[in-house]
Structures are given as structure tokens and as C-alpha cells.
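Please read the structure below before turning to the comments.
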Amino acid sequence: MLTLPPTAAASLTLDEDRLFPTGVTERAIARELYGHVRSLPLVSPHGHVEASVFADDVPFADPAQLFVTPDHYVTRMLHSQGVPMERLGVPRRDGGPVETDGREIWRVLCAHWHLYRGTPSRLWLEQELVELFGVGVRPSADTADEIYDVLRARLAAPDFRPRALYQRFGLEVLATTDSPLARLEHHQRLREDPGWHGRVVPTFRPDSLVEVLAHGWTDRVDQLGEVSGIDATTYRGFIAALEQRRAAFRAMGATATDHGHVTADSQPLSPDEAERVFAAALAGQATPADAAAFRAHMLSEFARMSCDDGLVMQLHPGVERNYDDAAHETFGPDVGFDIPRPTEYGAALRPLLDRFGSHPNFTLVLFTVDETSFSRQIAPLAGVYPALRIGAPWWFLDAPLAMRRFREATVETAGLYNTAGFVDDTRALCSIPARHDVARRIDCGFLAGLVAGGLLPEDEAVQTAVDLTYTLPKQVFKLDAPGPRDFPG
Amino acid sequence: MLTLPPTAAASLTLDEDRLFPTGVTERAIARELYGHVRSLPLVSPHGHVEASVFADDVPFADPAQLFVTPDHYVTRMLHSQGVPMERLGVPRRDGGPVETDGREIWRVLCAHWHLYRGTPSRLWLEQELVELFGVGVRPSADTADEIYDVLRARLAAPDFRPRALYQRFGLEVLATTDSPLARLEHHQRLREDPGWHGRVVPTFRPDSLVEVLAHGWTDRVDQLGEVSGIDATTYRGFIAALEQRRAAFRAMGATATDHGHVTADSQPLSPDEAERVFAAALAGQATPADAAAFRAHMLSEFARMSCDDGLVMQLHPGVERNYDDAAHETFGPDVGFDIPRPTEYGAALRPLLDRFGSHPNFTLVLFTVDETSFSRQIAPLAGVYPALRIGAPWWFLDAPLAMRRFREATVETAGLYNTAGFVDDTRALCSIPARHDVARRIDCGFLAGLVAGGLLPEDEAVQTAVDLTYTLPKQVFKLDAPGPRDFPG
Amino acid sequence: MLTLPPTAAASLTLDEDRLFPTGVTERAIARELYGHVRSLPLVSPHGHVEASVFADDVPFADPAQLFVTPDHYVTRMLHSQGVPMERLGVPRRDGGPVETDGREIWRVLCAHWHLYRGTPSRLWLEQELVELFGVGVRPSADTADEIYDVLRARLAAPDFRPRALYQRFGLEVLATTDSPLARLEHHQRLREDPGWHGRVVPTFRPDSLVEVLAHGWTDRVDQLGEVSGIDATTYRGFIAALEQRRAAFRAMGATATDHGHVTADSQPLSPDEAERVFAAALAGQATPADAAAFRAHMLSEFARMSCDDGLVMQLHPGVERNYDDAAHETFGPDVGFDIPRPTEYGAALRPLLDRFGSHPNFTLVLFTVDETSFSRQIAPLAGVYPALRIGAPWWFLDAPLAMRRFREATVETAGLYNTAGFVDDTRALCSIPARHDVARRIDCGFLAGLVAGGLLPEDEAVQTAVDLTYTLPKQVFKLDAPGPRDFPG
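Protein chains in written order, with the working numbering: chain A, 570 to 1058; chain B, 570 to 1058; chain C, 570 to 1058.
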């Protein structure tokens, strides 16, 4: 890199107009629209913060554990420039040595701050540092320790404990993501806790029960039997047990399921064939073709169940998980080595949509990491099927430019009211307000473009901004019915 | 949705600068360029208005039948938000009950007006309402009846009959789309009518003769024999009969053909193999593979015929028709359930382009609904093959943002003079001026960007705007030779 | 085209702010950033100018041979509008007659100047005409001869000889592209020439040795044996001979290899299977499947060699070469008939990245002509693998709008520091400064957008602009070590 003369530490500030269009007219309109939505409550129908975080309400301790080690957006970028995962504290499966000093890990991040120029990670981190922690200097090798000390001190304060943050962030509802095997005891504790005034609901995510060739599947089938009280070792029992778990999730406030398949294939099997594959899988004799067929079949089955019980179905297809064998072996899943693949939606979803796409009780929220599908297939499908809503730009696409492209690629065919609203999809509690704020700013900027282009009167733009931010996610995810805590006890 | 306080009905106006870039400099240039093209005659080389509309010149009666029921852009959006097709008057195949009161249908549209924010349907409808019908209030549940009454009254006036509209719109030529089985009697009537001063020409669209597994194909082969006077029940006769129909279309003013295949495959069969497949198909024994091979073969055959007779070939591939079985069974085709698929053009068109791509008498106008192919394959192909021209953004892509992306994706590789000009592709006569106006505004805005970016002198931009709007479509579609009606009788 | 009244020849000038964003704020920032990079030395790690051009230092003679005949960007556009290749002087394989009068060829170009509106060819040519040759009138049929005379006169002057241009352009290093069969004698001459003060290095491009079904492959294997001094007719000998050639290239200053495969497949074969396929190929018995498997295998082998010897690996997949049979037969390769195809990177590169993607001595620079892969696969891969860097937008994408899209599609996932910097990839020496200038302007404009959007402080933007322009290409291509000529002899 170019070596600039050493300077006094640069300041860190947030531009009040960040992410808005840069033209004078559009920016003024965007600012106006944003004024109507910036303080609306946060609706978070798809997240990965654990319910135990709020049930236990234990303070966060280590800034590195909060900002670096578990955030695969952050660690993968450092790894891409040669920083070993071990230096970032990512635990090795073999228990081998990794950095445990949070200060050292934080220093690595700050010394590589330039890598994040133009990335959403930088946006989120900066907003957290400035707004939440009051940091005023730009991270760098020189300022790392100073910032670390500030973070440590703040995290020790009572108003930085999880429940306090939930309130401060203006969260109205937060969904967790949970295995069908989960007994949801932390959700139960929250419901019974008179000192808890928020709304945290589980989400039913059955992928681990669907991947019949994945390590430990038969064990999980046994556990499913235990937790449900229904023998799950026959295909019919397996289905009944899953239905029992869905009912248990609903009882705990769940309104949605989530499914992360490698493709969107949804071809159902005949009952006989489904039984045959299930039995073969339990016997350890399923082929890869069997596994793929069963996965597609189960997607259709879960859609069928959603028609029955009303749980909103979320589908996130098209990611090759654990792409790198060595990284997977050393560090396990979810460390940044998941890679998108070209994903087809039309032929894949046809069996499912043919059967359930116009069912009045069914909602399917469809996500993608292959953004070419937005204008080609997802918008055309969502623009005609009443059950279908387009999920927010997800994962690698959860970023300002990609969000803008998402609106531009879908609005003309599917409009704005066939989209489902922002989901933050994060396990990083402190980043939730920043993530929602980015989406609000981008949507207001997009609407400002429609206004400035003479396509939308300003009063309609205001209404739309509010709907995209607040009304739609509550409606689509069926969160507009009052939650259990909304009733006076 | 956010409930705003009830207001007096909002006004409906058109922004004079709509769709132009929002920056001051670019907008001023765009406005200047648009001034040179806004009033140029409309050249419509690809449409779906029937010749009988002008031959009969019967007034349009029902606003719902004009604006809602037959417009699948409009109906699919309402359906996507849960409005049954029956409430929109879409006829059921089984003759079951559907709404027949135009006023009720119109009310449904107006009550859902917000769904169209950001869509081209809203743009087209607003321009029609304001410019053509003089409506000045925004559609809503409250204003539906008032607007309906205005529309009804206007449609009854003589200056709203089809011939009057043709003149008022400044149409110079309008192509219809016709089966080879058509006897073109309405075109004949127009040519013989001394009171008719326009130019309406047929387009040869033989898809229904090419899909050998489609219901009724053998009957159509028989009808082809009848209308052509050539026994079409042998492969040679079939080809000769199609050639006869092309000659008949040309005699009636046709300059083009149109082909809507599911892929762009163009691999020819040997004559023996073509005969075998044709005979098998007539005997009801063709396989799906046979059908696909025959479709590809016929695409090459039609290209060969175009080299012989000079008819411009249009190809619109990549749409899965009648995606939803239930909707197809209930309502038939063309009700909004056609879905694009990823479409490959290079390998698919190679046999055809190898043989005819440099033929001096051949023009192939290539359309797509998979916009990723614009920069990847279509622009590279059109940038070297003299026969190839890029068709306007089509169907789901016939919209402002998609049009802009089309120019941006193709100009750097294929330039501007390998594109074919706008086609309105509509059966909605009243929407034709609005559709052309959108394209003119977007192209002027795009050229303004080149000027403001220092890439194109303004005098060249003016010339280019005129060429894209008027000169190119006339040249590419061979409409610059005077039509029969241009000669003094 | 619209015929405008004849005017005095229009002037030809360059807008100082060309290619910058058109908004006032962004443009001012872009201009400021550009001021920091416009005069930085040119680093050209991937080019096609021959070393003999500098070794011989013979003046360029004919403007047509400099600007038209060998430039397939230019000739394919003229061909697309019906100009035969023969009129442009493109030599026929059969020795048939082609235009040899440079003036006539130049006239054809000027008469079709409007075809290049909006294309990079026009940008490059205009900058060359104005800045290098001092031409001040716009090319047209009327001005062709006048301009031709200016070009002829300038080209005869000593300061237009290749070495003088190298200096004037501020080239710091220029890589050529060479077959493993090359003895690099012109590179040797330059190294021994005391009057030469530049740095020209070879690049190892072994495609012709990898395509076992290509005409003449067995002959080339024999030649490889001769030039390397190692019998290459066994698989082991073949590998050893290639390794010998890499060492010879490195000795002559090479830092990189280049590979232009039809796909990115990288599945290695077992040693036995590799030997079997190689032997079959030598015996003329390889199947197309063998050829594809061997190509994929060799890609992995070359990656393995790069880990050993440190040569940076460049991969340019996804182009169907010689798409048109007749054009290939008549004119040979590289005349504009190469067409991109949809290209998958994740599954294809997985074997290679699994083995070498985190190797500390390995750098893979990945290019594409399928821009959909930037956000979908290439940025996600480059954002985690330390070996991987994203190559500049290439070939059809080496153009302003595509460059901008490239940044927008990659920055949010891979950042800016996982990209490799601009490569001009040209055999047109005179166009090199213009090509780099376009990239610098676009990158400055992109960074200006980040600054104006409140996402990047201006001091960081300045540093980034310098890094993208100069620092990164030197680092990534390992050109930051001093070249042999940088040491005092």
C-alpha cells in the first residue's frame, strides 16, 4: 500500500446522509422519507441470536468474541489476505492452539481495517462503534488498544446487557432459529419470566433431519422420537413427529419455518417411494440420488404442512456448504467457506407451486444468493403466485449495492408489495440496528429515485417506505397478530 | 398498510420530465434529445392488435375489457395478492361464473392501485388516463366510479374508435401477429377499403405448426393443406405449404416472421431424419425428443426460408408457457403464468448462424427474457454477425429500469446500431403511445449520460436518438420500402 | 440514418472530465482522486505486444495496420454491419485477394465512425488520435484522408518508434505472452542491449500444449522436447519439459503464466490415468472426453507447479473460440468470432482450490467474460481464499460500464484488495495509455461514489486509488521485486 505520512489518529464519524443517493434532489427526498422510518420498531423475523442470551442476560465480555471471532464476514476477509483463522481465535476441531487473547485478535482486525473499504462489515462495525459504543477514532494498528479499552469498559456496564440492548434497539419481535430437536426451554423461561417484556419467538429449521446422508442423521431421528414422543423410525412416524414439533414451536410463538437446501428442487415422491427411501436411509443404504430425492420431497411435504398449520415457509437455496475440505476438517462449518452456485427456480419449484402456490393458507418467502434469478424467475413467479413473497437480499447480497440491485431487478415485475421486508439474519446482536438502518436507507433512496423520476407521488412514497420497513414484514411473517406477551398477563 | 388520514382525492398528473435522469445536467440534455423524437411517427413492427379492430372500427365499450381483463400484466399482479382471476372477468374454460360487470372489475383495480407502484403497468395506465382520457384524479377505491364514468363516456365518442386512434397516435405502420392458417381476410379488407389510410401488415407466426406434440397439431397440418392448397401431410408438402403461406403473407405486406420457442436450439436434421420425425408425429408416435429436434430443425428451416424470401426472422425464446397446471386447465394460456428460464444462446444458435449468419438477405432479431444473456452472448454475437440485430427488452423487461440495463449491457460490445428499435408487443391499442414514449425517454436519458460523461457530442446524440426511435426499426424490419398504401391508388 | 445538413468537419476533442460521474459532488471528488493517479507509471502485467517490437524498434508504417486490420474489436463491428473482412485487409488463409491499400481501409473505418458510439474502441481511438497524434477533426468519410495523412507523417518520426513510445507512455513494465516453445530470443536481445532501459518480461502460456486434439499437437510435443532438451513424449517427460520451460521463462524475468480454457474445470487425474490419456493422445486416439479430462488435469498440474516455482497463474475461461466455421476456415483464429458462454466457477475450481487455494506460494488471478459470476461465485471465492485475486474485467468487459459493474458486483463481498488491478491485454501498443486511463477514471469515479455516499473518507479513497492503480498489480503479479534491469549493471 501507499505509505502516507503518519498522522494523528483519524476521527471516526457517521455521515448523516450515508447511503442516500448523491444527487441533490434525490438526496433531499430520501432524507425526508427516511425521517418517517428511521425510528420505527425493529421487526426481525429471521435471526440467529440464541434465546438463552436474553433468558440468561449475561453481559458480553470480550470485544473479540463480540465483533471478530464468530463473524464469518469478518474472518473470511482477513483469511483471504493471509491471516490464519487461528490468529482470529476460531476454534480448531482438534483442540489445537488458537489465539485466546481478545486484545490480540482485535489488533489484527484494526491493522487490516483497509480491507473492509466498501464492504457492509465496515458499515455495520462503524455504526456500532460510533452509535453504540461512542468510539470516535478510526480503527488502525495505532488505535486498536485505545478502542479495545473503550469497548471492554462499555460492555461491563449494565445498560449493555442483552435485555437492555433489546429495549434500546427498539426491537418489537426477534425470531431465533432452532432445530426440531430443540426443547425450547429458553423460550419457555422467557415466557415465564415476569421481568422480560420483549417478544422472542422460535423458528422451525429442520434441515438436519432432512439430510439423510449427513453424519449423525439416524441419531437425530432417534432424538426426534424422544423429543416428540412419537416413534420417528418409520416414515409415517417421522412425518408425525415433525408435525408434533411444529405444533410445539407454534405453541411457543413460532410463525415460520426455514429451509436451507442446496437446490430449490421440490419434486414429491409417492408415499411408497418416500417410505422406501426413508427406510434405506435409516439402514445406511441411501444413495446420493436417494438423498437428493428425499430432500426435494421433504420440501414439498413441509409446504403441505404449512398449508395445514399456517407456518410461513422460508427457503434459502443455492449455497455449497463447506466448500473447502481442509477448512471444514480443521474448523468445522460456518467459518466462511460456503460458496453460492447458479440456482434455477422455475423448474425446481414447479411441483411445489403447482400444488400449493395459490393455497390461501400458504406463504413461501424465497431467498437467493444468485441475484440473476431476481429478474429472470423470482420476480415473475412472485408477481403471479399469491403464496410467494420475495425475501430480502441475503448473505453476500445483504449489502447496499446489492440491495439496490434487488429493488431494481424486482420492482418492475413483482412490484414492492410482493416483497417480504428486511431480515437481519445475524447472530451479532449489536449489529442488528445497523443492519436494519442500511436497508431503510437504501429503500428510501430507491423510492426517492422513483419520486425524482416522476413515477411516484411523495405521499405514496412515504406510505411505501413505512410499509416496506414495518407493515410488510409483520404481515408476511404473520407477526401482526399480537404475541403472547402483548396481552396483559 | 399505513393508514393515512383520508384526503380529498389526490390528483393525477404526468411529470413532463418523468423517466429522465435526475441529475441537472443529464436531465437537461435528455429533455433536449427527447424534443427531437417525442413526436416522430410510431413504427410498430411487432404487435398483437388484430387487423379486424381496424377493419371493423367498432367502438371499445367496456373500460374493464380495455384495461383489465385481457392484460396479463395487470391481472397477474392482482392475482399475486390474492384476487381470484374470476373477479377480474377472466373467462373460465368450463364456462363457470366470472364477474361480468365492468364497473366491479374496474373497482378492484382501483382499490389495489398501490400494488403497481414502480411498475410499467402503472406508467402506461397513467399516461393513457391523463393524456388520452383526460382523467385528473388518482385511481383508488373512492375514485373508481368517477373515473369509470369518464372512461365510458369517452369510449362512446367517435374520436375513440380504432381508426381515429390510429391516426391520433401517429402510427405509421402496425404489424399484427398471425397464424399461417390465417386467410388474412381482415388485412385484405383494409387494403380494399378506400376509407382506410393506415398501414397494417401481418406477421407470420408458425409456432402452432411446429409443436408436433401440442394438442390439435395434426388438425392444423390438415388446415395448412387447405389454406395453402398444397397437401401438407408429407414433410416436403409441409415445407412447401409453409412457403406458400409466407408468399401469401408477403403479398399482404408482411415483412417479418415471429418464433416463440422454449429454447434457441437450431440444430437442423438431415432431410431423411426430418421426414421420419414428421411422419412419426403425424402418426401420433413422436417422442418428446423428436418434438424438440423437430422444433430446432424448423428454426433452421425458417431461417433458410428467410434467406430466400427476405422476411425478417424474430426469435423470442426462453419462456416456460403455462407453468401452472391448474391455472392452465381453468383459464387456458396467456393469463400470466408464463415464466422465463435461463437461456443459452451461443451453442443453441451456432448451427443457424454458421449457415446463415452472414447471408446478405437474412435478418434475425433476437429477443430474450434472460437479461444475463445480453452482455454475455447476445451482444457479442450481434457485434459480429451481419444478420443479427438485438431486439428490444421484451415482456418482463419492457420496463424503464430493464431498458436502461439493456442499453448498458449491450452498447459497449454491440454498439447502438446493432439493435432493432422498440417493439410494443401489445394487444392494448390505447397503450401503444405510452409504451413507445417510455422507450424514447429511456433511450434519450441513456444518450444524455453518454453526452454528460464526455463520450458523445450532442449533435451525434441527436442523430442517434432519431435513429434508435425511427430509422433503425424501419430499416431492420424492412419497412422503409413504401407500403402498398403509400403509392397513390 | 438521419441525414444532417453537411457541416464543416466537426472538431475532435477530449473532455477532461470524461467517464467521471456526472453529479457535481461526485465529479469533483473523482477529479481530485484522478489527479493522484493519472500520471502514475503504467504497470502492464498481461499484454500481447511482441518483444521483437522493442528489440527491433522498427517504425510503424501503415495506420490501417496499426488501428484497423489487426484489431478484432474494430473489425468485428464493421463486419456486423456488412463490411467484408477482406475490405479491412484481414488476410485470407487461401491467399485470396484482400484490400492492401491502408488509405482505403482507413476510409472504411472513418465512414462507419457512428457505429462506435458508446463503445470502448471509440474511446481508445479518440484518445490516441488526439493525445498521441494531435488529430483535431472527427473521423468521417470527408475527413478520412486528412487524418490519414497526419497519422502517416507522425508515424515516420523517430519519436513514434516503439522504444520512444514505451518511454513516453511511462511504462514501468510490460509482459508479453509466449508459448512454451518460444526460445525468447527477443527478450534475450533486450536484456543484452545497453541501449534499452525498459522492462519487458515473458508470460508462460501453455494452452497449445494442453489441447491434445488441436491440429499439430504431437508436433508441438516434439518441439517441446527440442526446446527443453527433455524428451516430452512420455507423460513424465512432458511435465518435466514444461517445468524446464517455466524455469527458462523465470530466468528471463517471467513472473506469471496464462491459461485460456473453455471451462474452469480443474479435476486432476491419477498419475496412471494422466499417463494413459497422454499416451492415447500421442497415438492419435484420445477422445473428446479424454481431451477435456486432460485439460482439467493440466490446470491443476500448472497450479501445483506455481506453488513450486511461484509463477502467478492467470486463468481466462469461458470463451468458445472460432465460433463460426466459415470465418475460421477463411480467416483463421482471432478475427472476432470468439463468443462467451455461461461459466461456472465453484464446482469447476473446487479440486484446485481445495488443494492449493490456501498455499502461501500460490496466486491465482481469475478472469471472466460471464459477469454474472462476479457477485455469485468469484467474489465469494476471492473473499476467502488467500491465493485468489479477481482479474480486471476482460475482453468484452474491458469497457467503462462493465468496469463499473465489476466494482459494484465484487466490492461488497471481496472488498477492493482482493482484486488484481488493470490489465490492458492488447497487441495495440498505441492504445495502452488510453486503456489504462479508462480504468483509472472509472475506479476514481467508483471511489468518489463511496466518498459522496458517506462510506469512505477522502484520505482513504486517495490511498485506495493509488493502490488499485499501481500498488496492487505490482504486488499481485510479483513485479514489486526489482527486475533484472533495475539493478545497476
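We treat Cβ as the ideally placed atom computed from N, Cα and C, and that holds for glycine.
Tell me whether residue 838(B) sits in a helix, a strand or coil according to DSSP, three-state version.
If you number the second sequence from 1, residue 838(B) lands on position 269. DSSP places residue 838(B) in coil when its eight states are reduced to three.
Can you tell which of 891(B), 866(B) and 918(B) has the C-alpha that lies nearest to the C-alpha of residue 950(B)?
Numbered from its first residue, the second sequence carries residue 950(B) at position 381. Looking at the Cα atoms, 918(B) is the closest of the given residues.
How far does the beta strand (DSSP E) with residue 741(C) in it reach, from first residue to last?
Position 172 of the third sequence holds residue 741(C). Taken as a continuous stretch (DSSP letters only), the beta strand (DSSP E) holding residue 741(C) covers 740-744.
Express the C-alpha separation of residue 896(A) and residue 982(C) in angstroms, rounding to a whole number.
Indexing the third sequence from 1 puts residue 982(C) at position 413. Indexing the first sequence from 1 puts residue 896(A) at position 327. Spanning the two alpha carbons is a distance of roughly 19 Å.
Helix or strand or just coil, what does DSSP make of residue 1039(A)?
Numbered from 1 along the first sequence, position 470 holds the residue referred to as residue 1039(A). Residue 1039(A): helix per DSSP, three-state reduction.
To the nearest whole angstrom, what separates the beta carbons of residue 964(C) and residue 992(C), a pair I think is in contact under 8 Å?
Taking the third sequence and counting its residues from 1, one reaches residue 964(C) at position 395. Taking the third sequence and counting its residues from 1, one reaches residue 992(C) at position 423. Actually they are not in contact, since the Cβ atoms of residue 964(C) and residue 992(C) sit about 11 Å apart, beyond 8 Å.
Ignore the nearest five residues each way along the sequence and tell me which others in residue 704(B)'s own chain have a CB closer than 7 Å to its CB.
Position 135 of the second sequence, counting from 1, holds the residue named residue 704(B). These residues qualify, in order along the chain: 581, 698, 716 and 719.
From 889(A), 761(A), 1022(A) and 609(A), pick the residue whose C-alpha is nearest to that of residue 903(A); which is it?
In the first sequence, the residue the question calls residue 903(A) occupies position 334. When each option's Cα is compared against that of residue 903(A), the closest is 889(A).
Thinking C-beta only, is residue 771(A) closer than 7 Å to residue 745(A)?
Sequence index remark: in the first sequence, residue 745(A) carries index 176 (1-based). Sequence index remark: in the first sequence, residue 771(A) carries index 202 (1-based). Yes, the Cβ-Cβ distance between residue 745(A) and residue 771(A) is below 7 Å.
Can you give me, in chain order, the residues of the stretch 594-626 of chain B that have a beta carbon less than 8 Å from any beta carbon in chain C?
Along the stretch 594-626 of chain B, the positions whose C-beta sits under 8 Å from a C-beta of chain C are 594 and 595, read in chain order.
Within 10 angstroms of the Cβ of residue 732(A), are there 16 or more other Cβ atoms? Answer buried if so, exposed if not.
As a first step, residue 732(A) is located in the first sequence; it is residue number 163 there, counting from the start. Flag for residue 732(A) reads buried.
Going by DSSP in three states, residue 584(C) sits in which element: helix, strand or coil?
Mapped onto the third sequence, residue 584(C) falls at position 15. If DSSP states are grouped into helix, strand and coil, residue 584(C) belongs with coil.
Kindly identify the DSSP beta-bridge partner or partners of residue 909(B).
If you number the second sequence from 1, residue 909(B) lands on position 340. According to DSSP, which records beta bridges pairwise, residue 909(B) is partnered with 888(B).
Alpha carbon to alpha carbon, how far is residue 809(A) from residue 936(A)?
Stepping through the first sequence from its first residue, residue 809(A) is reached at position 240. Stepping through the first sequence from its first residue, residue 936(A) is reached at position 367. Taking the straight line from one Cα to the other gives about 28 Å.
Can you find a C-beta in chain B that's less than 7 Å from the C-beta of residue 649(C)?
Position 80 of the third sequence, counted from the start, is the residue given in the question as residue 649(C). Output row for residue 649(C): interface = yes.
Would the stretch 626-642 of chain B and the stretch 591-609 of chain B be scored as touching if the rule is three or more Cβ pairs under 8 Å?
no
Residues in the same chain with beta-carbon distance under 7 Å from residue 1009(A), minus the five sequence neighbours each way, listed in chain order, please.
Indexing the first sequence from 1 puts residue 1009(A) at position 440. The residues are 603, 606, 607 and 1038.
What first and last residue would you give for the alpha helix (DSSP H) that runs through residue 714(C)?
If you number the third sequence from 1, residue 714(C) lands on position 145. Residues 713-724.
Can you check which of these residues, 933(C), 979(C) and 962(C), is closest to residue 945(C) by C-alpha distance?
The sequence position of residue 945(C) within the third sequence is 376, counting from 1. Measuring from the Cα of residue 945(C), the nearest candidate turns out to be 979(C).
Decide if residue 575(A) is buried, meaning its Cβ has at least 16 other Cβ atoms within 10 Å, or exposed.
Walking along the first sequence from the start, residue 575(A) turns up at place 6. At residue 575(A), the pLDDT of 48 sits below 50, so the modelled position is not reliable; the number obtained from the coordinates is stated separately. So residue 575(A) counts as exposed.
Leaving aside the five residues before and after residue 570(A) along the sequence, list all residues of the same chain whose C-beta is less than 8 Å from its C-beta, in chain order.
Working through the first sequence from its first residue, we reach residue 570(A) at position 1. At residue 570(A) the pLDDT is 44, less than 50, meaning the model places this residue with poor confidence and gives no usable figure here.
In whole angstroms, what is the alpha-carbon distance linking residue 624(B) and residue 758(B)?
Taking the second sequence and counting its residues from 1, one reaches residue 624(B) at position 55. Taking the second sequence and counting its residues from 1, one reaches residue 758(B) at position 189. Approximately 6 Å between the Cα atoms of the pair.
The beta strand (DSSP E) with residue 958(C) in it runs from where to where?
As a working mapping, residue 958(C) is identified with position 389 in the third sequence. 957-959 is the span of the beta strand (DSSP E), which, as asked, contains residue 958(C).
According to DSSP, residue 1032(A) sits in a beta bridge with which residue or residues?
Position 463 of the first sequence, counted from the start, is the residue given in the question as residue 1032(A). For residue 1032(A), which the question treats as bridged, DSSP gives no partner whatsoever.
For residue 855(A) and residue 790(A), which I take to be in contact (beta-carbon distance under 8 Å), what is that distance rounded to the nearest angstrom?
One-based indexing of the first sequence puts residue 855(A) at position 286. One-based indexing of the first sequence puts residue 790(A) at position 221. Contact doesn't hold; Cβ gap of about 12 Å is too wide.
Quick check on DSSP: helix, strand or coil for residue 883(C)?
What you label residue 883(C) is simply residue 314 of the third sequence in a count that begins at 1. Residue state, collapsed to three classes: strand.
Are the beta-carbon atoms of residue 632(A) and residue 730(A) separated by less than 7 Å?
Taking the first sequence and counting its residues from 1, the one referred to as residue 632(A) is at position 63. Taking the first sequence and counting its residues from 1, the one referred to as residue 730(A) is at position 161. Contact: no.
Taking Cβ to Cβ, would you say residue 962(B) is nearer than 7 Å to residue 612(B)?
On the second sequence, position 393 is the one that residue 962(B) refers to. On the second sequence, position 43 is the one that residue 612(B) refers to. No, these two residues do not count as a Cβ contact at 7 Å.
Do residue 595(C) and residue 591(A) have their CB atoms nearer than 7 Å?
Against the third sequence, residue 595(C) aligns to sequence position 26. Against the first sequence, residue 591(A) aligns to sequence position 22. It is a contact, given that the beta carbons lie within the stated cut-off.
Residues of the stretch 718-729 of chain A in Cβ contact with chain C at a cutoff of 9 Å, in chain order, please.
none
Exposed or buried, what is residue 883(B) when buried is set at 16 or more other beta-carbons lying within 10 Å of its beta-carbon?
Counting from 1 along the second sequence, the entry for residue 883(B) is found at position 314. Classification for residue 883(B): buried.
Would you kindly check if the distance between the Cβ of residue 1048(C) and the Cβ of residue 824(C) is under 7 Å?
As a working note, residue 824(C) is residue 255 in the third sequence. As a working note, residue 1048(C) is residue 479 in the third sequence. Yes, Cβ-Cβ distance for residue 824(C) and residue 1048(C) is below 7 Å.
Please go through the same chain and pick out, in chain order, the residues whose beta-carbon is closer than 8 Å to the beta-carbon of residue 572(B), but skip the five residues on each side of it.
For the purposes of this step, residue 572(B) is taken as the residue at position 3 of the second sequence. Annotation note: pLDDT 46 at residue 572(B) (below 50); position unreliable, no value reported.
Quick check: is any heavy atom of the ligand HEM less than 6 Å from the C-beta of residue 866(B)?
Within the structure as shown, the ligand HEM is missing, as the structure has no ligands at all.
Identify, in the order they occur along the chain, each residue of the same chain with its Cβ nearer than 7 Å to the Cβ of residue 849(A), setting aside the five sequence neighbours on each side.
Reading the first sequence from its first residue, position 280 is the one you call residue 849(A). Hits under 7 Å: 855 and 859.
Going by C-alpha to C-alpha distance, which of 1006(B), 996(B), 1016(B) and 766(B) sits closest to residue 634(B)?
What you label residue 634(B) is simply residue 65 of the second sequence in a count that begins at 1. Here the closest residue by C-alpha is 996(B).
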